[in-house]
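Working notes, beginning with the structure itself.
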Amino acid sequence: MRFVLRRRRLGQLMILSTVAATINNFVEKGIAQTQVRKTTPKLATPTPETMKVTLQVNGTAHSLQIEPRVTLLDALREYIGLIGTKKGCDHGQCGACTVLVDGQRINSCLTFAIMHTDAAITTIEGLEQGNKLHPMQAAFVTHDAFQCGYCTPGQICSAVGLVNEGHAKSDADIRELMSGNICRCGAYPNIVAAVRDVLGGKKDAAV
Numbered sequence: 001m002r003f004v005l006r007r008r009r010l011g012q013l014m015i016l017s018t019v020a021a022t023i024n025n026f027v028e029k030g031i032a033q034t035q036v037r038k039t040t041p042k043l044a045t046p047t048p049e050t051m052k053v054t055l056q057v058n059g060t061a062h063s064l065q066i067e068p069r070v071t072l073l074d075a076l077r078e079y080i081g082l083i084g085t086k087k088g089c090d091h092g093q094c095g096a097c098t099v100l101v102d103g104q105r106i107n108s109c110l111t112f113a114i115m116h117t118d119a120a121i122t123t124i125e126g127l128e129q130g131n132k133l134h135p136m137q138a139a140f141v142t143h144d145a146f147q148c149g150y151c152t153p154g155q156i157c158s159a160v161g162l163v164n165e166g167h168a169k170s171d172a173d174i175r176e177l178m179s180g181n182i183c184r185c186g187a188y189p190n191i192v193a194a195v196r197d198v199l200g201g202k203k204d205a206a207v
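Under my numbering, the first residue of the sequence shown carries the number 1, and numbering increases by one thereafter.
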């Protein structure tokens, strides 16, 4: 009987010893981790570098302090405030962000603003000639070549660029060369008609 009690007591002591050792181990690890946290210096959050950029937009110079990664689209909309140029897919697939750079149409969401500091940039706001609509703008109104209007600024800028390029000779050419500009409302026949009207007066349509 005494032997059994001794074995029980010995087992209890071993259990208590193991528990005490485990607790002591956890406490030591906790203290060590706390000390590491206190002694490890905090890494400073890197601040994106900016640079001064001057863009010539619609005949006016705009000085901006922007990050090098800012796209031309975001520079126009977010920094200059010309919101006529629309952000659609932001992947160069819809054409809503089309503007003219030195007379050539480009997707402004696919290029950085800092790449065009020496270029003449024209947006939909810059096509109007005084209080008179650009011939392409007037043709779009005449032919009802828009519905919701979201894609219209890009459509018009692209159409002006198409006329400047001088490659369109037929309706099929117009459809092919304007295929990068998507109209989800389906106003394509009227868009073709508007561009066809202006093609007859290429000199008036060029910018």
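Every residue gets a Cβ at the ideal spot worked out from N, C-alpha and C, and that includes glycine.
Listed as beta-bridge partners of Thr-54 by DSSP are Ser-63. Cβ-Cβ separation between Cys-183 and Thr-98: approximately 12 Å, too far for a contact (criterion under 8 Å). In this structure, Thr-85 places its C-beta atom within 8 Å of the C-beta atom of Ser-108. Contact annotation, Leu-55 with Thr-122: C-beta distance approximately 12 Å; criterion of less than 8 Å not satisfied. Between Ile-66 and Ala-75, the CB-CB gap stays under 8 Å. Between the beta-carbon of Gly-95 and that of Gly-154 there is about 5 Å, and that keeps the pair under the 8 Å contact cut. Under DSSP, Val-99 takes part in a beta bridge, and its partners are Ile-106. Between the alpha carbons of Gln-147 and Ala-194 lies a distance of about 14 Å. For Ala-120, the enclosing beta strand (DSSP E) starts and ends at 120-122. By the 16-neighbour rule on beta-carbons within 10 angstroms, Ala-168 is buried. 8 Å or more divides the Cβ of Ile-106 from the Cβ of Val-53. The beta-carbon distance between Leu-127 and Val-101, rounded to whole angstroms, is 14 Å. This is too long to meet the 8 Å contact definition.
Within the region 120-176, the complete alpha helix (DSSP H) runs of at least 4 residues fall at 124-127, 135-142 and 152-165. Taking C-alpha positions only, His-134 is separated from Glu-125 by approximately 10 Å.
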